[in-house]
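Taking my numbering, I'd label the letters of the sequence shown as residues 274 to 563. For each residue, glycine too, the CB sits at the ideal point set by N, CA and C. Computed from a predicted model, the values in this text were never measured in an experiment. Take a look at the structure set out below.
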Amino acid sequence: MGNKDVLQQKVEPRFDLTILNRLSNTTSIRRIYDDIRKHWQQDPVLKSLSLSSQVTSIKLPKSIDHTAAISCLDYHFERFFLPTMSAIQGDTYFKQIQSVIEFPKQAIKQSGSLIIESVHHQSVFSIFYCLALMAYQQQGISHVIMMYQQNDPDPRLVYSKELLKNLYQIDVELIQFDGGTNWYKQVKRSKTENTLIVYLGDMSPNVFQGKASNSDEYKLKLTVAGGKSIEVNRLSVAEKISDKLGINHLIANIEGDKLTVETADKSKQLLVCPIQSWIFWPAIGTVYGG
């Protein structure tokens with residue numbers, strides 16, 4: 274999660290890395306953002322790195338390139354403006370998506386700790402914030418572990434942690450998942466009788482370069498309008514955490530504009546996200562083999 278993600282160690286140039294580089298190396302971030310938003314299709318570098326150039330297994334509709342490009346741009350631009358918001362502004366911003374999240378009480382089979390597994394969607398930080406808040410409101414959970422992959426937590430994650438503490442007295446602990454062994458010891462040590470663990474299970478096994486093993490049964494389904502989709506392998510430790518700690522395993526899949534939290538189906542091991550809203554689409558052809 275975040276723009277210093279380990280995925281950036283893989284294959285350049287990429288659409289997301291090109292955008293991030295331009296936003297990071299200017300004193301006029303808003304102007305660069307507006308220019309890219311308006312003219313990216315006339316930019317030979319960005320156009321050559323579009324979504325349709327990364328996916329060869331299926332034919333994508335022409336309109337999806339623009340949607341994916343703007344989603345990627347907005348995601349990386351968010352990094353620069355979100356932490357400058359006041360607490361009330363940030364809380365309002367994060368909660369804009371709460372109305373499209375279905376968090377049915379029946380998904381929580383028992384009281385106590387649980388793990389929710391989801392994906393790196395364009396609104397991933399808002400999703401994390403709302404899941405933490407809804408778990409608190411529905412089950413009284415006030416301790417959250419957020420697992421992240423990059424070397425340092427994204428500023429948006431740190432900002433959301435501070436807001437949840439200051440506005441709702443929800444304690445958030447950030448634990449790095451690097452594919453090694455220390456992460457599990459930290460999770461086990463930190464878990465209480467009433468903890469929510471949020472884990473993003475859509476990373477490619479290739480990223481961890483042999484540090485972490487995973488079977489081919491874990492899949493990420495990337496959907497396209499018209500019923501098309503592609504599936505790529507993903508690395509997941511959510512089931513392992515659930516089994517070892519004896520806690521409920523839920524998934525938060527995104528289909529269309531709706532996010533639904535439900536009990537994980539061990540027979541499917543499938544996460545779902547619209548391809549144009551998935552922040553790692555620029556790496557799909559090189560890192561994920563899509």
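Please list, in chain order, all residues of the same chain as residue i whose beta carbon is under 7 Å from its beta carbon, the five residues on each side excluded.
i: Ile393; result: Reading the sequence as shown, one finds His at residue 393 and not Ile. For His393, where only same-chain residues beyond five positions count, the Cβ hits under 7 Å are Met274, Leu473, Asp475, Trp551, Ile552 and Phe553.
i: Asn479; result: Val560
i: Asp347; result: Gln395
i: Asp278; result: Here Asp278 scores only 49 on pLDDT, less than 50, and its place in the model should not be relied on; the value that follows carries that caveat. Excluding positions up to five away in sequence, the list reads Gln422 and Gln423.
Does residue i come out as helix, strand or coil in the three-state DSSP assignment?
i: Pro356; result: helix
i: Thr340; result: helix
i: Ser463; result: helix
i: His393; result: coil
i: Asn424; result: coil
i: Val471; result: strand
i: Leu406; result: helix
i: Val505; result: strand
i: Leu518; result: helix
i: Pro555; result: helix
i: Asp308; result: helix
i: Pro478; result: helix
Over what stretch of residues does the beta strand (DSSP E) that includes residue i continue unbroken?
i: Tyr421; result: His416 to Tyr421
i: Met320; result: Checking the displayed sequence, the identity of residue 320 turns out to be Lys instead of Met. Looking at the DSSP string, Lys320 is not in any beta strand (DSSP E); the run it does join, the alpha helix (DSSP H), is Pro317 to Ser321.
i: Gln449; result: Asp444 to Gln449
How many angstroms separate the CA atom of residue i from the CA atom of residue j?
i: Ser359; j: Glu435; result: 11 Å
i: Lys541; j: Ser301; result: 46 Å
i: Ala537; j: Gly413; result: 21 Å
i: Asp567; j: His339; result: Any question about residue 567 goes unanswered here, given that the chain covers just 274 to 563.
i: Val460; j: Val431; result: 18 Å
i: Leu404; j: Gln371; result: 9 Å
i: Phe398; j: Phe367; result: 8 Å
i: Ile309; j: Met420; result: 32 Å
i: Gln369; j: Ser396; result: 10 Å
i: Ile337; j: Leu324; result: 8 Å
i: Cys345; j: Asp364; result: 22 Å
i: Ala498; j: Phe401; result: 25 Å
i: Val445; j: Lys320; result: 39 Å
i: Asn439; j: Ser326; result: 44 Å
For residue i, count neighbouring C-beta atoms within 10 Å of its own C-beta (all shown protein chains included) and say buried if the count is 16 or more, exposed if not.
i: Glu351; result: buried
i: Thr496; result: buried
i: Arg429; result: buried
i: Leu523; result: buried
i: Ile292; result: buried
i: Glu390; result: buried
Skipping 5 residues on each side, what residues in its chain have a beta carbon closer than 6 Å to that of residue i?
i: Pro377; result: none
i: Ile527; result: His394 and Cys546
i: Lys492; result: Glu504 and Leu543
Could you please give the first and the last residue of the uninterrupted alpha helix (DSSP H) stretch that includes residue i?
i: Ile292; result: Phe288 to Ser297
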